[in-house]
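If you read the protein sequences in the order shown, they are chains A and B.
Counted from 1, the first sequence has number 33 at position 14 by the working numbering; the numbering is strictly sequential.
Counted from 1, the second sequence has number 216 at position 215 by the working numbering; the numbering is strictly sequential.
Heads up, the thing below is written out as structure tokens.
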Amino acid sequence: MKAPRLTDTTLRDGSHALAHTFTRQQVRDIVRALDRAGVPLIEVTHGDGLAGSSLQYGFSRVPDLDLIAEAREMAERARIAALLLPGIGTRRELKAAVERGVQVLRIATQCTEADISEEHFKMAKDMGLETVGFLMMSHMRPPELLAEQARLMESYGADCVYVVDSAGAMLPHDAAARIRALKATLSVQVGFHAHNNLGLGIGNTLAALEAGADQIDGCLRGLGAGAGNAATEVLAAVLDRLGINPDLDVLALMDAAEYVVAPIMPFQPFPDRDAVTIGYAGVYSTFLLHARRIGERLGVDPRAILIELGRRQTVAGQEDWILDVALDLVRQQQTAPA
Amino acid sequence: MGNETIKVAILGSGNIGTDLLYKLLDHPGAMELVLLAGIDPHSEGLARARDLGVATSDQGIAAVLERPEIQIVFDATSAKAHVRHAKLLRETGRIAIDLTPAARGPYVVPPVNLTQHLDTLNVNLITCGGQATIPLVYAVSRVTPVRYAEIVSTVASRSAGPGTRQNIDEFTFTTAHGLEVIGGAQQGKAIIILNPAEPPILMRNTVYAIPAGDFDAAQVRDSIEAMVAEVQQYVPGYRLTNPPVFDMRETPWGRMPVVTALLEVEGAGHSLPPYAGNLDIMTASARRVGEVFAQQLLSRREVLV
């Protein structure tokens with residue numbers, strides 16, 4: 020195995036866990052700590068990407084573009100990445116983000132819909148950015164279909180395509196099979212993004228590395244949607260023990276997790292009963308807090324909502340269906356014979 | 002006099018043009034479809050039209066221009082083609098009903114503002130998401146000012162053609178703009194999601210509106226329900242999946258009440274599967290717009306006679 024490139028996405032995936040309330044100062048502190056610890060790429064965006072600030076996903080306390088500018092200012096060695104989901108963010112926000120300092124663009128689509136990203140890849144490449152394709156909810160399709168979609172992203176100009184386990188639903192052999200299929204098909208790099216809903220965030224990332232993944236993602240303290248992501252500081256320790264540490268300062272990352280991120284966390288993401296249900300039902304990790312809020316308001320078990328959302332084959336970004344499903348469940352409870 | 006009709010043509014023999022063909026034959030109203038013009042002689046749409054006894058041409062706009070009796074033209078081609086068509090149709094005095102994103106003329110949503118534009122020669126139907134959601138934003142804004150409206154349209158992957166996929170940014174810009182200028186929101190935002198579930202999902206839309214001040218929830222609910230009934234007159238598969246919801250949310254303007262309407266559109270299945278409500282609502286709206294223009298042309302003709 021060779022040393023992978025690590026992208027820290029505390030300031031993007033972690034935005035979900037904080038209900039998109041990152042402040043300028045928090046961004047500066049986290050970027051400084053990651054930069055000093057040798058993390059080469061730091062993603063900063065609303066959890067649902069550029070223009071994700073909305074009623075659907077939650078409004079940002081501070082506009083994305085301002086946080087990106089803060090991050091760029093603080094980073095001495097690290098480069099700054101942003102996420103864009105076509106259908107939510109557009110080329111307008113892409114252009115604005117580049118003007119504020121974004122150097123790498125990660126473009127995410129549902130794993131079956133890569134062809135909606137063509138214009139965005141082209142524009143990003145025309146603007147001289149490094150680009151990464153993000154195939155979300157990759158557990159929903161078998162390796163060979165995923166590889167076809169990854170090929171599309173490669174043809175549009177992706178420099179790397181990620182298998183994204185947005186639901187934290189994969190087992191290690193699922194992650195490995197998908198990485199192998201992409202490695203066999205693409206000439207560009209392949210990455211893996213884990214969620215810890217089934218307690219496999221680090222394990223799946225290791226399986227992906229063994230299968231040939233070139234890039235991986237982490238968040239300090241695992242701060243991310245659902246039960247969170249593979250923890251950056253744990254990944255660093257593991258990579259070091261494997262002898263493939265890509266120049267990360269393991270102790271500095273532990274300190275960053277402990278003293279910079281832990282104090283601002285509203286809760287420690289963990290595979291608790293609702294988060295395990297997300298992995299078990301195979302639904303988008305960001306549904307967690309929305310399902311809890313709506314479940315509490317309407318008196319419905321969030322797990323029942325999440326399982327029904329899985330049955331309806333919901334995909335990334337469909338937070339609005341949570342209310343619909345919860346209302347349907349309330350109606351069923353009311354009409355069910357006592 | 003009651004048997005008189007206005008002669009109309011369809012430009013474009015793809016999915017949309019073909020579905021409109023069936024709608025105009027099933028419910029002609031004041032219109033008589035006399036031509037379906039495409040540019041691909043082998044297109045399935047042209048073959049279907051011929052089988053149904055409708056004159057066809059593979060000469061596109063030229064075939065329409067040759068027939069001065071055609072007064073209304075539905076353009077279901079592409080934004081780029083429509084820019085050229087719009088000029089030619091205007092020069093020859095035809096009414097163009099534009100189903101492409103070209104937007105050369107004002108936006109129309111039948112139950113909201115159609116009657117304001119009956120003197121123009123070119124009207125645009127915005128987007129499928131716009132046709133589905135703008136009526137409900139307007140339903141709120143007509144009873145209380147709307148500070149912010151946001152919509153999420155979720156369509157079955159199979160119903161999103163290459164045009165939608167390559168121009169997904171245009172869907173969000175155009176729909177958001179429509180929420181403002183037609184829906185009456187001070188600020189609009191639109192999101193589109195493609196869902197690959199099998200069997201395919203029906204088109205779903207969620208409409209969020211933040212009223213600017215105090216409002217009467219019962220009045221808003223009644224207005225939304227009345228608007229749904231009005232749209233159902235031309236899109237029978239248009240319905241709320243649950244009653245409107247009112248709750249408090251954190252917003253950039255502080256903690257504000259939010260109105261949420263959950264909407265489903267089942268297609269009438271003329272030539273398209275029922276899940277493609279997004280295509281059905283475009284052709285159903287186009288037919289409705291054409292009908293109102295045709296009735297107006299007929300009433301003017303009566304006056305002249």
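Glycine included, C-beta positions come from ideal geometry on N, C-alpha and C.
Bear in mind the structure is a predicted one, so any value in this text is a computation, not a measurement.
CB of residue i within 7 Å of CB of residue j, strictly
{"i": "aspartate 178(A)", "j": "valine 207(A)", "result": "yes"}
{"i": "methionine 93(A)", "j": "leucine 228(A)", "result": "no"}
{"i": "alanine 359(A)", "j": "histidine 158(A)", "result": "Here chain A covers residues 20 to 357 and nothing more, so residue 359(A) does not appear."}
{"i": "valine 349(A)", "j": "leucine 317(A)", "result": "yes"}
{"i": "isoleucine 61(A)", "j": "alanine 88(A)", "result": "no"}
{"i": "alanine 56(A)", "j": "aspartate 268(A)", "result": "yes"}
{"i": "threonine 173(B)", "j": "proline 102(B)", "result": "no"}
{"i": "valine 74(B)", "j": "leucine 12(B)", "result": "yes"}
{"i": "alanine 104(B)", "j": "valine 138(B)", "result": "no"}
{"i": "proline 290(A)", "j": "glycine 220(A)", "result": "no"}
{"i": "alanine 213(A)", "j": "alanine 249(A)", "result": "yes"}
{"i": "alanine 161(B)", "j": "leucine 195(B)", "result": "yes"}
{"i": "cysteine 130(A)", "j": "leucine 154(A)", "result": "yes"}
{"i": "valine 65(B)", "j": "alanine 38(B)", "result": "yes"}
{"i": "threonine 354(A)", "j": "aspartate 27(A)", "result": "no"}
{"i": "leucine 126(B)", "j": "leucine 100(B)", "result": "yes"}
{"i": "leucine 258(A)", "j": "glycine 33(A)", "result": "no"}
From the options, residue whose alpha carbon lies closest to that of residue i
{"i": "leucine 272(A)", "options": "Leu239(A), Ala127(A), Arg292(A) and Leu205(A)", "result": "Leu239(A)"}
{"i": "glutamate 138(A)", "options": "Trp254(B), Glu171(B), Ile183(B) and Arg240(B)", "result": "Glu171(B)"}
{"i": "glycine 106(A)", "options": "Arg98(A), Ala88(A), Lys144(A) and Asp67(A)", "result": "Asp67(A)"}
{"i": "glutamine 233(B)", "options": "Gly184(B), Thr261(B) and Pro136(B)", "result": "Pro136(B)"}
{"i": "glycine 284(A)", "options": "Ile326(A), Leu25(A), Arg24(A) and His35(A)", "result": "What sits at residue 284(A) in the sequence shown is methionine, not glycine. The residue with the shortest Cα to Cα distance from methionine 284(A) is His35(A)."}
{"i": "threonine 204(A)", "options": "His192(A), Glu173(A), Ala143(A) and Phe211(A)", "result": "Glu173(A)"}
{"i": "threonine 121(B)", "options": "Gly164(B), Glu92(B) and Glu67(B)", "result": "Glu92(B)"}
{"i": "alanine 255(A)", "options": "His65(A), Asp274(A), Ala100(A) and Thr333(A)", "result": "Asp274(A)"}
{"i": "leucine 261(A)", "options": "Arg55(A), Leu225(A), Ile313(A) and Thr305(A)", "result": "Leu225(A)"}
{"i": "serine 304(A)", "options": "Ile313(A), Arg330(A) and Gly336(A)", "result": "Gly336(A)"}
{"i": "proline 197(B)", "options": "Met156(A), Ala244(A), Pro162(A) and Gly243(A)", "result": "Met156(A)"}
{"i": "arginine 110(A)", "options": "Pro237(B), Gln188(B) and Gln167(B)", "result": "Gln167(B)"}
{"i": "leucine 241(B)", "options": "Ala277(B), Leu264(B) and Ile193(B)", "result": "Leu264(B)"}
{"i": "glutamate 149(A)", "options": "Ala281(A), Leu171(A) and Arg125(A)", "result": "Arg125(A)"}
{"i": "isoleucine 184(B)", "options": "Ala48(B), Met228(B) and Ile7(B)", "result": "For clarity, residue 184(B) is glycine in the given sequence; the question names isoleucine instead. Closest by alpha carbon: Met228(B)."}
{"i": "arginine 119(A)", "options": "His39(A), Arg330(A) and Thr64(A)", "result": "Thr64(A)"}
{"i": "glycine 71(A)", "options": "Gly108(A), Ala100(A) and Ala101(A)", "result": "Gly108(A)"}
{"i": "glutamate 45(B)", "options": "Gly214(B), Glu251(B), Arg289(B) and Ser272(B)", "result": "Ser272(B)"}
{"i": "alanine 345(A)", "options": "Val319(A), Ala300(A), Phe41(A) and Ile263(A)", "result": "Val319(A)"}
{"i": "valine 144(B)", "options": "Asn279(B), Ala218(B) and Leu115(B)", "result": "Ala218(B)"}
{"i": "valine 266(B)", "options": "Pro274(B), Arg288(B) and Phe216(B)", "result": "Pro274(B)"}
{"i": "valine 334(A)", "options": "Leu25(A), Thr40(A) and Ala127(A)", "result": "Ala127(A)"}
8 Å contact criterion, which residue i and residue j should meet: CB distance rounded
{"i": "lysine 141(A)", "j": "tyrosine 181(A)", "result": "In fact, because the Cβ distance is near 19 Å, the residues do not count as touching under 8 Å."}
{"i": "valine 35(B)", "j": "alanine 56(B)", "result": "6 Å"}
{"i": "valine 209(A)", "j": "isoleucine 198(A)", "result": "6 Å"}
{"i": "alanine 277(B)", "j": "alanine 191(B)", "result": "With 8 Å as the limit, alanine 277(B) and alanine 191(B) do not qualify as a contact, their Cβ atoms being about 19 Å apart."}
{"i": "isoleucine 212(B)", "j": "arginine 256(B)", "result": "The sequence shown places proline at residue 212(B), not isoleucine. Between arginine 256(B) and proline 212(B) the Cβ distance is about 13 Å, and since that is not below 8 Å, they are no contact."}
{"i": "alanine 262(B)", "j": "proline 245(B)", "result": "5 Å"}
{"i": "arginine 43(A)", "j": "aspartate 85(A)", "result": "7 Å"}
{"i": "arginine 95(B)", "j": "isoleucine 71(B)", "result": "6 Å"}
Any non-hydrogen atom of the ligand FAD closer than 6 Å to residue i Cβ
{"i": "aspartate 76(B)", "result": "Inclusion of the ligand FAD in the displayed structure is not the case, the ligand content being empty and no account of it being possible."}
### Message
Please list, in chain order, the residues of the segment 103 to 117 of chain A that have any C-beta partner in chain B closer than 7 Å.
### Response
Identification of residues in the segment 103 to 117 of chain A having a C-beta nearer than 7 Å to some C-beta of chain B yields Pro105, Gly106, Ile107, Thr109 and Arg110, given in sequence order.
### Message
Quick test of the definition: if touching needs 3 or more C-beta pairs under 8 Å, does the segment 112 to 129 of chain A touch the segment 73 to 82 of chain A?
### Response
Flag = no, the segment 112 to 129 of chain A and the segment 73 to 82 of chain A do not touch.
### Task
Report yes or no: do the segment 282 to 291 of chain B and the segment 17 to 31 of chain B share at least 3 C-beta pairs separated by less than 8 Å?
Because the criterion of three Cβ pairs below 8 Å is met, the segment 282 to 291 of chain B and the segment 17 to 31 of chain B touch.
### Under 9 Å (Cβ pairs) to chain B, residues found in the segment 329 to 342 of chain A
For the segment 329 to 342 of chain A, which is checked against every Cβ of chain B, the residues closer than 9 Å are Arg331, Gln332, Thr333, Val334, Ala335, Gly336, Gln337, Glu338, Asp339, Trp340 and Leu342.
### Task
Tell me, please, whether the segment 19 to 34 of chain B touches the segment 287 to 305 of chain B by the rule of three or more beta-carbon pairs shorter than 8 Å.
Verdict: yes, contact present.
#### Entry: Interface positions of the segment 266 to 293 of chain B facing chain A (Cβ-Cβ less than 7 Å), listed along the chain
Per Cβ criterion, the list is empty.
### Query
Quick one, which residues of the segment 183 to 211 of chain B are near chain A if we go by CB-CB under 7 Å, in chain order?
Per Cβ criterion, the list reads Lys190, Ile192, Ile193, Ile194, Leu195, Asn196, Pro197, Ala198, Thr207 and Tyr209.
### Query
Can we say the segment 123 to 140 of chain B touches the segment 173 to 192 of chain B, given the rule of at least three CB pairs closer than 8 Å?
Look at the beta carbons and you see the segment 123 to 140 of chain B touching the segment 173 to 192 of chain B: at least three pairs across the two are nearer than 8 Å.
### Query
Going along the chain, which residues of the segment 235 to 254 of chain B sit with their C-beta nearer than 9 Å to a C-beta in chain A?
Residues Thr242, Asn243, Pro244, Val246, Asp248, Arg250, Glu251, Thr252 and Pro253.
#### Entry: chain A contacts made by the segment 150 to 164 of chain B, where a contact means CB separation under 7 Å
Answer set for the segment 150 to 164 of chain B: Glu151, Val153, Thr155 and Ser158.
### Query
What are the residues of the segment 110 to 127 of chain B that lie near chain A, defined by any Cβ-Cβ distance shorter than 9 Å?
For the segment 110 to 127 of chain B, there are no residues whose beta carbon sits under 9 Å from a beta carbon of chain A.
### Task
Tell me, please, whether the segment 191 to 211 of chain B touches the segment 145 to 165 of chain B by the rule of three or more beta-carbon pairs shorter than 8 Å.
With the cut-off at 8 Å, the segment 191 to 211 of chain B and the segment 145 to 165 of chain B touch.
### Task
Compile a chain-ordered list of the residues in the segment 165 to 179 of chain B whose CB is closer than 9 Å to at least one CB of chain A.
So the close ones are Thr165, Arg166, Gln167, Asn168, Ile169, Asp170, Glu171, Phe172, Thr173 and Phe174.
### Query
the segment 62 to 81 of chain A: which residues have C-beta closer than 7 Å to a C-beta of chain B, in chain order?
The segment 62 to 81 of chain A vs chain B, Cβ under 7 Å: Ser73, Leu74, Gln75 and Phe78.
### Message
What are the residues in the segment 125 to 138 of chain A lying within 8 Å of chain B by C-beta distance?
### Response
Per Cβ criterion, the list reads Gln129, Thr131, Glu132, Asp134, Ile135, Glu137 and Glu138.
### Query
Taking a cut of 9 Å between CB atoms, which residues from the segment 10 to 34 of chain B lie near chain A?
Within the segment 10 to 34 of chain B, no residue has a Cβ that lies closer than 9 Å to any Cβ of chain A.
### Query
Are the segment 290 to 297 of chain A and the segment 321 to 328 of chain A touching, with three or more C-beta to C-beta distances below 8 Å?
Enough Cβ pairs lie closer than 8 Å, so yes.
### Query
For the segment 156 to 179 of chain A, which residues have a CB atom closer than 9 Å to at least one CB atom of chain B, in sequence order?
Under the 9 Å Cβ criterion, the segment 156 to 179 of chain A contributes Met159 and Arg160.
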